[in-house]
Structures are given as structure tokens and as C-alpha cells.
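In order, the protein sequences belong to chains L and C. To convert, note that position 410 of the first sequence is 410 in my numbering; the numbers rise steadily by one, no gaps. Just add 520 to the spot in the second sequence (first one is 1) and you have my numbering. Following: one structure in C-alpha cells, then a few remarks.
Protein chains: 2
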Amino acid sequence: MSHACDCQSASQGDTVQKEMTPSKKIPVLVDGVVLNGPQTDVKAEKFVEEVCRLVMEEVVLKATDVNVKVCEWQPPEQLRQLLDLEMRDTGESQDKLLKICQDVIHFSVKTNHPRFFNQLYAGLDYYSLAARILTEALNPSIYTYEVSPVFLLVEEAVLKKMIECVGWKEGDGIFNPGGSVSNMCAMNLARYRYYPDVKEKGLSGLPRLILFTSAECHYSMKKAASFLGIGTQNVYFVETDGRGKMIPEELERRIGQARQEGAVPFLVCATSGTTVLGAFDPLDEIAEVCERHGLWLHVDASWGGSALVSRKHRQLLHGIHRADSVAWNPHKMLMAGIQCSALLVKDKTDLLKKCYSAKATYLFQQDKFYDVSYDTGDKSIQCSRRPDAFKFWMTWKALGTLGLEERVNRALALSRYLVDEIKKREGFKLLMEPEYTNICFWYIPPSLREMEEGPEFWKKLSLVAPAIKEKMMKKGSLMLGYQPHRGKVNFFRQVVISPQVSREDMDFLLDEIDSLGRDM
Amino acid sequence: MSHACDCQSASQGDTVQKEMTPSKKIPVLVDGVVLNGPQTDVKAEKFVEEVCRLVMEEVVLKATDVNVKVCEWQPPEQLRQLLDLEMRDTGESQDKLLKICQDVIHFSVKTNHPRFFNQLYAGLDYYSLAARILTEALNPSIYTYEVSPVFLLVEEAVLKKMIECVGWKEGDGIFNPGGSVSNMCAMNLARYRYYPDVKEKGLSGLPRLILFTSAECHYSMKKAASFLGIGTQNVYFVETDGRGKMIPEELERRIGQARQEGAVPFLVCATSGTTVLGAFDPLDEIAEVCERHGLWLHVDASWGGSALVSRKHRQLLHGIHRADSVAWNPHKMLMAGIQCSALLVKDKTDLLKKCYSAKATYLFQQDKFYDVSYDTGDKSIQCSRRPDAFKFWMTWKALGTLGLEERVNRALALSRYLVDEIKKREGFKLLMEPEYTNICFWYIPPSLREMEEGPEFWKKLSLVAPAIKEKMMKKGSLMLGYQPHRGKVNFFRQVVISPQVSREDMDFLLDEIDSLGRDM
């Protein structure tokens, strides 16, 4: 392959150019391209400023405005018509692009709206947002200290502080693109500790490796087992009690069962804050079992980990210091912005690096002029990596630990308020007393209130939540999730997170569901 | 666990509240927290505006200013002293926070600087940046259509267009957090196609699975094989020719060897644009081999894929339409911002979904009121997922395909110019004629120019690039990478990407290296 080079002027050869400003030179044409001068586009710089202004006005400053719709629902086919999605040979005008940005905002779900309760994240943290705008402009990739000095030191500082919250004196860790990846990485690490040869030789020829997790665990456990070549059948789901918490005796029984089958238990994944019910597994008892059987204890605290910053609520994770690894997502309860997920590891023998390193010589050169132990990227499954710790760091700097604690306490107090309201109101029925901010409940429309709770009742009730959800989406007044769960028909799951949410929003939620569902 | 609830006022019970504005109510105290009214912080909103202004002034508008240093080097210990990293119990003032942001910018590497050539990404695309600021504020997570209608449709449109560029009539795909993850996902998909049972049963009991890739491949191949339980020893590295391109006959030989060993070949990973040399594997011949042996062909075009938008240079990837899957990162040559990586899949039988789905009932409910085939999140290994397609879409909309093509052509023309300059200059020696924008060369200081190219010469030369790198970092004038590579001692790798780079920067690069190294 050769590219014809048709240089039309001679360069100035090897004359040394000491000043930083380029000197004027004769235009050079190579392969039909004029190469002199940088191509700058002042218009495009202005565009960034205009979009910034639009975003401030239409998204940031409206974050707490309940008079804006949570979503402007359009079905896929219609929305595709409304948006001009096609990418053409020639570019669009800046006016057109600005209009597109307006449309994108208009038709997007306002996840920072006080009545967005649909996921395990919500709200808008201004400090985190400011940090994110800064890093989007700097566009770092945090593999090596030479390219990302500030962000690697920030990651180190944040990991250290999170490790303190867990209750370890020291430890190691890495930020990952989400809790699913953090859980996967923990699973791989536990496997490596057990069978270091897996890294080179793979699983072929090894017995079945078994991991244990509660029947209420996050679905990433199955994804991870499948991805890592362990297989979903080798995830043994341990039965939970009526509150969704793993039963330690059941765990012990299942470990024995696996051993009897000739399989090799290697890992227990406890959950602190389950996805649907918000349940916390009893970590102390589970740690006992793990110690007895020599198993790695990973705690998926992606959702519940943030309770660690609250002196009042950290008891929910009592015993977490006994874990070998912890996944914790500040992008959920602590509003760091999607994504911000830390995998924390108790080990101090560089296990994380040994497990993950591939020692790419083009990136992790060992003859650099600085201490290359700061080139922490080789602990990750990623190569390019975003500075996710920084946005959380900025919020933590701005609010202090006490400010983070206040947010968690407020979210739990609001949940408490909602639970009490649900108990008082006719037509609302709690699934169970919650431990955290997941409030699971049924709305029973008047037409079903006198009915006996038999199969016919449950069948009819299962249709209620989806129908109300459709109505609220089309009205745009509210968004919360529903799901069937382990034999329970469709119920609502309300999650409180953002400090921009008030008691009035809790009342509105119940009023609105009643108003949308009372004629069903 | 129970939280004492000390509600101090009765709520208004089940009265229906139809208006969107919350009515005035008596303050409610729960668990020591006053719950009325949203907690807004006008000061914090202003902070976002101030950081926006700072970012525009100090990062965006200085993107092409060569008088700013590329980096303001500080060793880790000193930088830690200069930055106030500690997170305290109480928060910092906004003035302090703004000062922190200034420091973060000051001590960060300017990856948008015209003389940042250190990685396979560089520069600043204003349209992508505007899109990223917009999505940071909206903070979407794109698992389901109900939460991310716009961004899922945009992802669909971008995937469709990228699939067209590859030369397929249709296909499937998903955006991942980086090329390493895209490669991993392709590897898992190929394995699933070969042994669907692996998803449930795992690899235990199966024979060794073997994948083939060139000796010049990206290190994510090893990371992936280790992570997926395949094992790095089961990655068979196929020898390359003098230009770094996989030798198809060698591939065929290695496949035969694996079969003779009783192992099971399942996948060939070709590379389009290798990390160090920028080499393109001969896809047509490799596809022949794959077809003959019934092997999945994955092309890691993370780096080289962007040449597909150039009619002049897409021949580098001739034969790519015969691949089963392709990884392509627009965050590299097309400057979409870290990260933006697509895994494209030729299959039309929903293999991607079958392979990855975990069917979480709380997220991917099947009784939704819209077409749930738009809930594409279950094709990913992630749960929360960022809208990475959107920023690339915005650039594509703004520039058009022709504008993207122009950028690629310009980068290759600049590379051509640099190569010709290197050939003309004393003391510079090309490793090889490049195919793409990776220009690999040695700088030979005057003291070594008369020396015979024996062991002593190479030993001395190996010290030159690290020493010059240290000088350029400390001076802040330039950043480019060096590495030893397959028997070749430390050489520089210069990578041209950004349209904000000019011929004058190429001249400066050579002048500066000569100036820093001539006394060695």
C-alpha cells in the first residue's frame, strides 16, 4: 500500500525551530490536502457555548421544577419521525443542530425531575455535574500517570476514603464502568485467588467452580458467571427470608451440596441493598460461613454501600469489613452521575494487579522516569478509562462527609414518611416493611378492594401496575417502576434518592397513582 | 431493623391532589429530618455556570494554542502536596472549589493540545463536546426505551450507519465502554455461537478452546482470554510479516497445530490498525482461512475502523465485510471523546441478545405498553450504560460523512508529510514505511551516528527515547510515546489524529526531538 505523495514545496529541512509559535511557511499540499495551519472552527467553539446555555436553562435550572413533565412520551415509530436521526454526506447548519439539541432535551426523560423514581438513580448533583463538564473538555484517559496525573491521584484518594468507610485499614481498588463490571471483576479476582493458573490455562480441565448468592441478587451475577465461562448453572441461589435476606443456614447447606456433587465452591456474593426489595444480607453470619469454608466473600453494595456514610444507617451493612471485596456505586444514592462504581479489595499483596495485568509494553513501560506504580490502568479490564472518581470527589469536597450523610439520612426519612402514608391510605398495600429506600407496594383499585385474595384477584391485580404506568408515562406526571417478583404479581417499586425530592412529592405520588387507577 | 418514626403532624390522607404544584403543608419531621420542600441550592447552580465559563476559557478556547504547555509536569509526591486531595467532614467553600478546578486544569495533560501525540486519541471535537455536556446534564442510562427513548434511537441510527460502512446490508451491535470490552464481548459471542451451552454450563468439561490473533494484536486479547476463562495460553499468536501484518499461511498452520493438539479452534481476531505499528491484517485472505475452517472472524478495528469513512483509505480494510464481528472506536481517529466503542455483529438471528440476555424482570418487563424490542440494554454486559453513540452522532450530523472523511484524509496526509521529513533529516530513522498514522522512528543522537549497529549501539539507543521523553515532559513542549517492540529497542511512535494539528506541528516535533536529544 502506498499513498502518492505530491509535496509541492520543499520543507525547510532540519533547521531547528526553538520558539513554540509555528513560523510562517509556504503552503504544502500532500495527497490533495493543504497541511499548513491548524483547522480551527470558531463557529464550532461558539456552538459549545450556546449548547452550554441551553443545557443550563432547559435542564439544570429546571431540575426541581415540577411543572415540567418528567417525560414527553412518544412511541418509537413516532419519535423517529419527530427527530431527524439520519446522518448525511454533508453537515447540518448550527441552527439546525441547536434545534436538534432542544428536541433531544424535550423528548428525553428528565432523570433529575423530582418525580422521577424509576431507577436506582435520580436527581442532579451540581458539583458532580461541574466536574463532569470539566473532564469532558479535558478528555483524559486514566491508564498512566503521565497522561492523567491529577485524576489518578484523585482516584487513589477516593478509593482510600471509601476503603475507610468499609472499615479496612488499607486495601486496593479500581473504578469500573458500572456495578455489573465491578461484580464481574470481583468474581474473576476470587477465582484467580483460588486458581491462579486460570489466567493462563483457562478453565478447561478444572472441576465445576461454584459461587453462591442470594435469590434476590442483581442479575449481573448471572451475566458475570456466563461471561467468565463459569456458567449460570454454577451460580447457586441461596434462599432468602421473608424480607429478602440471604439465610446463612441455607448458604451452608448449599455449600455442602456443591461439595457433595464434586464441585468446587470458591465465592459467596452477598448483597447489601437488593435491587427490588432493598434488602441487606446478614454479613456477619455470612462472613462466619465464608471463613469456615475458606470462601472469598464479595459484597455487592452497588446500591446499599452509600449507607456507609451515615452513622445512623451504616449498621445495615454491619460486618462488611469482613468482606474480601466490595462493589459500591456512588452514582446511585450519592448522585455522582452515570457511571461511578468502585471495586474495593481488602488484599494487600497486589492481587488485583497480578490478576489483571497484561503488561503492554507500549503503555506500561518500566523504564519511565517516574514511579510507575502510579500507572494503575493495568489493574482494569479496560484500556481507555474515564475519570469516574473525580466527579464523586468533587461532590465529597463540596458537601463534606457530613453533607453526604445528610443526603442519605434524608432519603431514608422520606422513605419512612412514604411507608407511613401508604399504611394510612385505603387501596395501598405494602409488600413488606422496607429496610432501605425501596418501597414496594400494590395499588388496589376500588373495584378489587372487596374481592377475595384468590387467583382471580392476583390475576386482575397484576394488570393494574402496567396500566397505571402507561397512563403516568403518557401524562408525564411521574415515573416509577413496577415488576413481578418471585411469585408476587406486578407491584410498584418507589425509590427515594435525591435531596431535591420533598414530602410533597411523596404525597403527590400516592395521590397521582390513586387518581390514575381509581376507575380501573 | 426499624427506624423510629416520629412524625409530628398528620398528613392530609388520601385527598386527591390534581395540580402539579405541591400545596403548602405543615412541616414534617421524620428521624430528625425536616421533609418539606425540595432542598435546592442556588449557589450550587451558579457554581456549574462558573465552572462552565472556566472550562470554556481555560480548556476549550485554548485547544489550539501552542503557547500553552502540553503538560505541567509534577512527580506524584509533589503533585499530591500541590493539590488538596483530602475529603473532610465539612465541605469546602465555592471559591476554594473553583480554585481546585483551576488547579485540576493546570496540572492535567492537555489532550486537546496540538502537540499531544501520546495516545491513539487526541484533539477536541466541539460538536461531540457539546453533546457530552448535554448528556451529562440529562444523565441518562440507556437500558430501556422508557428511560432513554432518544438515546436508544440514536444508538440504533449510528449502529446502522456504521454497519453500512463495514459493508453489511444489516446487522446488530451495541456500544461498549471501550475497545477492550468490545473485543471481549466479541470473543464471548463467538464462543456462544460455537458452544451455546457455555452460557449455562460453563467451560468445565469442555476441551481447550483456541483463538488466533496476530503477534501485533492489542493486549486486550490476552485480558479477554484470561477474563473469559479461556486462558492466555490458548491465545495462539500468529506470526506477522515485516510490516506487522498477520501471515495467512501461518494462521492456517497454527489452526492445524491446535487441532493436532486436540484443542478446538473457534475464533480468529484480525487487527485493522495495530496499536504500535498501525498495521492492517490482510482481511480477505484471513476470511478465506476462516471460511475454510468454520471459524468466527472478529476484526479489531478499534483504531483503524475510522478509515472506513474515507473512500481513499478504506481499502486498508478490504474484506472487512466478510467478518462476523467488528470493534470500532470512534473515540480514537474520529474524536468522539473517551469512550465511544461499537461492537458490530453481522448475525441477524438475535445472537447478541440470546448470548447476553439475563431477562431481569424488574427492568425488562415483557408486559410494557410499547414494543420492548427497543429495550436493547439486555444485549450488553453492563446494566447502567452511557449514551456513547450520541456524541459521535452529533459530530456526524455536524460534519456529514464528507467532513469525517476529510479529517481522516488530512491525518493521513500529515503522516505522509512527517514520513517524508523523517527521511530527509539526519539522525532520524523510520522503523518501516507506515500504512496509517502511526509513525515509528528512532532518533539517533550525533554521538551514536558513526557507531556500528551492534549490541552496544542498540543498548545505547534504547536509552535515548526515555531520556528525551523525560525532557519533553518536564519542558511541557510535546508529548509522544515510545516503546520497545518485538526485539526493536525503544523507538518513538508519533500518531496524527486531530485536524487542529498542522504541518508546522510536524516540523516542530522533529526540531524539538533533535533539540532535546542532540547532546546525548
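The beta-carbon is built from N, C-alpha and C at its ideal position, and this holds for glycine as well. It should be emphasised that the depicted structure is a prediction, and the values quoted were computed from it without experimental measurement.
Practice task
Look at the alpha carbon of ASP692/C and the alpha carbon of ARG425/L, and state the distance between them as a whole number of angstroms.
Solution key: 48 Å
Handout entry: Cα-Cα separation, LEU649/C to ASN638/C
Key = 21 Å
Exercise for the section: Using only the heavy atoms of the ligand MN, determine whether one of them is closer than 7 Å to the beta carbon of LEU729/C. Expected result: Questions concerning the ligand MN fall outside what the structure shown contains, since it holds no ligand whatsoever.
Handout entry: Within-8 Å CB hit, VAL701/C to chain L
Key = yes
Handout entry: Contacts of GLU200/L in chain C (Cβ-Cβ under 7 Å)
Key = When 7 Å is used as the limit between beta carbons, GLU200/L is near these residues of chain C: GLY751, THR752 and GLN753, in chain order.
Problem - Simplified DSSP state of ASN438/L, which is helix, strand or coil - result: Note: ASN438/L maps to strand in three-state DSSP.
Problem - ILE546/C, buried or exposed, once every other Cβ within 10 Å from all chains shown has been counted against 16 - result: exposed
Problem - Local conformation of ASN847/C per DSSP, three classes - result: Here residue 847/C is Ala; the residue named in the question, Asn, does not match the sequence. Looking at ALA847/C - three-state DSSP - the assignment turns out to be strand.
Handout entry: Reduced DSSP category for SER1022/C - H, G, I as helix; E, B as strand; rest coil
Key = Three-state result, SER1022/C: coil.
Practice task
Report yes or no: do the region 896-905 of chain C and the region 58-72 of chain L share at least 3 C-beta pairs separated by less than 8 Å?
Solution key: The region 896-905 of chain C makes no contact with the region 58-72 of chain L, as fewer than three CB pairs between them are under 8 Å.
Problem - Three-state secondary structure assigned by DSSP to TRP396/L - result: helix
Exercise for the section: Check the Cβ-Cβ distances between ALA862/C and every residue of chain L, and say whether any is below 8 Å. Expected result: Cβ-Cβ to chain L under 8 Å: no for ALA862/C.
Handout entry: Beta carbon proximity, PRO466/L to chain C, threshold 8 Å
Key = yes
Exercise for the section: Report yes or no: do three or more beta-carbon pairs, one from the region 380-391 of chain L and one from the region 1004-1011 of chain C, lie closer than 8 Å? Expected result: no
Practice task
Inspect the beta-carbon positions of LEU815/C and LEU787/C and report whether they are closer than 8 Å.
Solution key: yes
Handout entry: Exposure of GLU57/L, with buried meaning 16 or more beta-carbon neighbours within 10 Å
Key = exposed
Handout entry: Where LEU153/L meets chain C, residues with beta-carbon distance less than 8 Å
Key = Those within 8 Å of LEU153/L in chain C are PRO596, LEU599, ARG600, LEU603 and LEU605.
Problem - Cα-Cα separation between LEU731/C and TYR362/L, rounded to whole angstroms - result: 23 Å
Practice task
Starting from the Cα of LEU308/L, find the closest Cα among CYS440/L, GLU405/L, GLU156/L and ILE468/L and give me that residue.
Solution key: GLU405/L
Problem - Same chain, Cβ closer than 7 Å to GLY1037/C, five either side skipped, listed in chain order - result: TYR963, PRO965, VAL984 and ILE988
Handout entry: DSSP-derived helix/strand/coil call for LEU510/L
Key = helix
Problem - Buried or exposed (CB count within 10 angstroms, at least 16 for buried), GLU136/L - result: Buried is the call here.
Handout entry: Closer than 8 Å to chain L by CB, GLY923/C
Key = yes
Handout entry: 7 Å Cβ cut-off: residues of chain C touching ARG386/L
Key = ILE858 and GLN859
Problem - Residue from LEU480/L, THR395/L, SER302/L and PRO455/L whose Cα sits closest to the Cα of PRO466/L - result: Per the C-alpha coordinates, the member of LEU480/L, THR395/L, SER302/L and PRO455/L positioned closest to PRO466/L is LEU480/L.
Practice task
Would you identify the three-state DSSP class for THR376/L, choosing helix, strand or coil?
Solution key: Looking at THR376/L - three-state DSSP - the assignment turns out to be helix.
Handout entry: PRO114/L to MET682/C span [Cα, whole Å]
Key = Answer to the nearest angstrom: the Cα atoms are 37 Å apart.
Problem - Beta-carbon separation (whole angstroms), ALA157/L vs ASN183/L, contact threshold 8 Å - result: Between ASN183/L and ALA157/L the Cβ distance is about 24 Å, and since that is not below 8 Å, they are no contact.
Exercise for the section: Return the CA-CA distance between ASP551/C and LEU430/L, expressed in angstroms with no decimal places. Expected result: 20 Å
Problem - Beta-carbon contacts of LYS742/C that lie in its chain and below 7 Å, excluding the five residues immediately before and after - result: THR752 and VAL755
Exercise for the section: Using a Cβ-Cβ cut-off of 8 Å, state whether CYS101/L counts as contacting chain C. Expected result: yes
Handout entry: Per DSSP, cross-strand counterpart(s) of PRO785/C
Key = Note: PRO785/C sits in a beta bridge opposite ILE730/C.
Practice task
For PHE948/C, write down the residues that DSSP places opposite it in a beta bridge.
Solution key: TYR963/C
Exercise for the section: Give every residue of the same chain whose Cβ lies closer than 6 Å to the Cβ of SER220/L, excluding the five residues on either side of it in the sequence, and list them in chain order. Expected result: SER180 and ASN183
Handout entry: Members of the region 209-222 of chain L that neighbour chain D once the beta carbon cut-off is set at 8 Å
Key = Among the chains of the structure shown, chain D does not appear; the protein chains present are L and C.
Problem - Proximal residues of chain L, C-beta to C-beta of TRP816/C below 9 Å - result: Under the 9 Å cutoff, chain L gives no residues; its nearest Cβ is about 16 Å from TRP816/C.
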